[in-house]
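Numbering of the sequence shown is given in my numbering, commencing with residue 50 and proceeding in unit increments.
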Amino acid sequence: MKTQRYLTFLLAMCAYFGLSAVELYRPLPDGWTVDRAYDTSLPSDDKWWRNFDDSVLDSLILLAEKGNLNLSMTERRIEVARRNWAIAKSGYYPNIGLSAGWTKSRTSGDTEPMGSPGNLSYFSLGLNFSWEVDLFGRVAAQSRQGKANYEASKAEYDAAMISLCSNVATAYFNYRLADAEIGVAIEEISNQEKLVAITEARHKAGLVSKLDVAQAKTMLFSTQATIPSLESTRTSALNSIATLLGCYPADIAELLETPENLPNPYIVVATGGIPADLLRRRPDIAEVEAEIAGYAAALGIAKKDFLPSLVINGSIGTEARNINDLFKDKSFSYNISPTLSWTVFDGMSRTNKIAEAKEQMMLGIDNYNQTVINAVNEVENCMSLYNSSLASIGIQKKVNEQSAEALTLALDRYKRGLDSFINVMDAQETVLENRNALLEINAKALNALVKLYSSLCGAPEAAVK
């Protein structure tokens, strides 16, 4: 069934508050279909990275969930929002206070009718309370706003968690890419050293000039010169991983010291018609939904300011000159005073507050629509990048096979004196370039898959081929 809904609850709110709902209508592209409802899940529950079958990556993400400082700060912001929500809900209850004291006073005799000063000394003990009766839903609206802010902070945490796991996986693949390129360079250096030995032997035999030796050594030294740069890239990736884990590079160096191949990028993902409800698992969409709910509650609070408020104030206590008389019947006193207040004129302040709240809500609606559009485009781009990377891998493998064969043929012809060394050198350089190109395309496919998982908040239907 083709979808043309995302914003049912927003439409209802707009109808209630008399807002235009035209801006909310944003049908999804025809290629996106509703399949079934998906629950929001954190990466720690979904564990999409396990599809890569890499135990080191599993360990790194587990450490990141426990140690990342940005995630910890986001978690604390959730607690702040929860406390603010609890503060808003406390408005349902009265404020009760207890007081106790002793009063001693003396008045001037010149102001008294009898001309003598008045002395007063007494003890007091009392209980007072104040309660705003929520007749018109002001407190309820404040509570709804607090809840919406709390839900938005939870979505922010979800986004931080997804981003963290995605960044750890990407940094790890970059580390493995640099590691693999170093391994390729070392292998090719060994092959190039053999070529240097061949050219030197042929030069001693008088079969070739010293130019061949110089060219062979040039190629060897050029390849050796790439090692420090690759090691620096690998160190940078290690530092990135450590930063994400909230630790120092030395703490995880042992975990990564054993060279490993890049994981298999060929993983089946349901890319044909991603369900619309799967997009709604995205925390950025959940966050803007919660923000709009908060704006709607703020609009409700602004409207409640036009209604009267009923506050009941009261107290009960006892007063006596002698502390032993505090609890006698004649010492008790009480007071209760319901007060109905209604602001009649405030210089258009409340009207402007409502207008401001409406504009805030419309801004939230525009932000929601833009977020949905961005989400659809992001997923489509990730799918396209991943699929194109897989296609490139297949082609690059064929290129590598042919370049390896070309090197074998060129070297054979050189040994038989049928060809110059320049062709061997070109073929050797091409082999090195193509081997690195294949590694980079594999890493590109892996990173594209990580982005796809991140954009879909998991991989509900993934299986390694």
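Just so it is clear, CB atoms sit at the ideal spot from N, CA and C, and this is done for glycine as well. In this text the structure is predicted, and so the values were computed from the model without any measurement.
Between V473 and L460, the C-beta gap is smaller than 7 Å, which places the two residues in contact. In the DSSP assignment, I385 forms a beta bridge with G363.
For P308, no alpha helix (DSSP H) encloses it, and the DSSP letter there is neither H nor E. Rounded to whole angstroms, A291 and E303 show a C-alpha spacing of 12 Å. Rounded to the nearest angstrom, the gap between the Cα atoms of E427 and S452 is 36 Å. A direct Cα-Cα distance of roughly 41 Å separates Y383 from G343. Assignment of beta-bridge partners to G175 by DSSP yields S148, G366. Beta-bridge partners of V182 (DSSP): L359. Assignment of beta-bridge partners to S390 by DSSP yields S358. With a 10 Å radius around the Cβ and a threshold of 16 neighbouring Cβ atoms, E450 comes out exposed. For I444, the enclosing alpha helix (DSSP H) covers residues 398-464. For L293, the enclosing alpha helix (DSSP H) begins and ends at 259-294. Around the Cβ of W98, a 10 Å sphere holds 16 or more other Cβ atoms; the residue is buried. Scanning its chain for C-beta atoms nearer than 7 Å, with the 5 sequence neighbours on each side dropped, one finds around L495 the residues F222, L311, P312, P314, in chain order.
CA-CA distance, Y463 to D475, rounds to 13 Å.
The shortest CA-to-CA distance from L488 to any of D183, I145, Y224 is the one to Y224.
Taking C-beta atoms as the reference points, S364 and G175 count as a pair closer than 7 Å. When DSSP reads this structure, I127 sits in no beta bridge, so it has no partner. In the structure shown, N373 adopts helical secondary structure according to DSSP, grouped into three states. Excluding residues up to 5 positions away in sequence, S438, S441, I442, Q445 lie with their Cβ nearer than 8 Å to the Cβ of I490 in the same chain. Separation of the CB atoms of E340 and A130 is rounded to 12 Å, and the pair is thereby denied contact status at 8 Å. In this structure, the straight-line span from the alpha carbon of F470 to that of E309 is close to 35 Å.
Straight across, the Cα-Cα distance linking A497 with E230 is about 20 Å. A straight line joining the alpha-carbon of N401 with that of A335 spans about 29 Å.
Pairing P277 with D228, the inter-Cα distance amounts to about 12 Å. Excluding five sequence positions before and after V233, the CB atoms of its chain that fall closer than 8 Å to its own CB belong to L481, R484, N485, L488, given in chain order. With distances taken between CA atoms, P387 lies nearest to L359 out of V448, L359, T420, S258. R193 and L184 have their C-alpha atoms spaced approximately 16 Å apart. Of T420, T457, G140, the smallest CA-CA separation from S504 is found for T420. About 5 Å separates the beta carbon of T248 from that of V262, a gap short enough to meet the 8 Å contact definition.
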